[in-house]
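According to the numbering used here, the stretch in the sequence shown is residues 1081 to 1351, in order. Glycine is no exception: its CB is placed at the ideal position from the N, C-alpha and C atoms. These numbers come from a predicted model, not from an experiment.
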Amino acid sequence: MAVRTVVIPAAGMGTRFLPATRVTPKELLPIYDTPAIQFVIDEATAAGIERVIIVTSRSKPSIEAYASSASTANVAVSVVYQDSPLGLGHAISCARNAVGQEPFAVMLPDEIMGDSSLMKSLIALYDRTGTSSIGLKKVPMSEVSSYGNVEIAGRTDVSPSESAVAINRVIEKPKPSEAVSDLVIIGRYVLTPNVFDHLATIKPSLNGEFQLTDALALLANENQLVGIVSDITRYDTGTPMGLLRAVIEIALGRNDIGPQLNSWLKEKFNK
Ligand code: G1P
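Spelled out as structure tokens, the structure:
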């Protein structure tokens, strides 16, 4: 069945960005002139997604207002609510009825990708294998404990910048001594609908939250999890420094503002 739906979890309180997030959700903070979440919606649409379901909190009404203005001829954007902050796994399970019995993507809006290539490759890998497929990246071992970490079985190069892998084991944010590789989960997933059954069986774990990674671990146990290791450009907009870097790099790449910003930066640093 074609992947036509994406779930975007956007219920977090954005405390790292206070006071900016007192009234503006972090997903609506601008990357120059465009709210961060719009980059994720555009990436999804470029990968062929037609239906965007944003999981949000009732304390963030502007997300719903933004969603109702974000639908186009190509994509329908709607919201569902997560009433308590019980973790990423719980947020995804809040979209169960809205998604229905079909494969779906999950895209974390704290990460902005340089293009839609990874999302397209994950959908293509799902189309080939019928198996849940997740985005992976190689990072220095010192960074592994900030992410979901995977142990892989086989590896096949699918392009100069990507390889497809089978995943044996998944651990959420392992202690450095428990890391199983230098490959981590980045925020792009294509999941089969049985993940909702797994999400319904897992218990709260790290930080007392329902972790999506624990449901992925159940898929890995059943040999039902594959991934794409990608060296895609990725901006971590979940931290103020990451957001600033995204604003500068994305603005530098634009035809309208890029040349002006570039010459201002040169002038500033050549003084
Ligand atoms: C979440 C996931 C983690 C993944 C990460 C990617 O963690 O739980 O497995 O590696 O996103 O950004 P979070 O960053 O929300 O703590």
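Would you call the CB atoms of Val1238 and Ala1246 closer than 8 Å?
It is not a contact, given that the beta carbons lie outside the stated cut-off.
Using a threshold of 7 Å, is the CB atom of Gly1267 nearer than that to any non-hydrogen atom of the ligand G1P?
Yes, the beta carbon of Gly1267 sits closer than 7 Å to at least one heavy atom of the ligand G1P.
What are the complete beta strand (DSSP E) segments, minimum 3 residues, inside the stretch 1196 to 1258?
List check, beta strand (DSSP E) in window: 1212 to 1218, 1228 to 1239 and 1242 to 1252.
Assign Pro1189 to buried or exposed, taking buried as 16 or more other Cβ atoms, counted over all protein chains shown, within 10 Å of its Cβ.
With 16 or more Cβ atoms within 10 Å of its Cβ, Pro1189 is classed as buried.
Could you tell me if the beta carbon of Gln1291 falls within a distance shorter than 7 Å of some heavy atom in the ligand G1P?
True, at least one ligand heavy atom lies under 7 Å from that Cβ.
Let me make sure I understand the geometry here. Which of Gln1181, Val1309 and Gly1228 has the alpha-carbon closest to that of Pro1273?
Closest option to Pro1273, Cα to Cα, is Gln1181.
Provide the residue span of the beta strand (DSSP E) that contains Asp1316, from first to last.
Arg1314 to Asp1316 is the span of the beta strand (DSSP E), which, as asked, contains Asp1316.
Would Ile1214 pass as a contact of Leu1305 if the rule is Cβ separation under 8 Å?
With respect to the 8 Å criterion, Ile1214 and Leu1305 are classified as neighbours on the basis of their beta carbons.
For Arg1138, does the three-state DSSP call read helix, strand or coil?
Secondary structure of Arg1138 (DSSP, three-state): coil.
Helix, strand or coil: how does DSSP classify Val1155 here?
In the structure shown, Val1155 sits in coil (DSSP, three-state: anything other than H, G, I, E or B).
Please state whether DSSP places Phe1349 in a helix, a strand or coil.
Correct three-state label for Phe1349: helix.
Based on Cα-Cα distance, which residue from Asp1336, Met1221 and Phe1290 lies nearest to Gln1035?
Residue numbering for the chain in the displayed model covers 1081 to 1351; residue 1035 lies beyond these limits and cannot be assessed.
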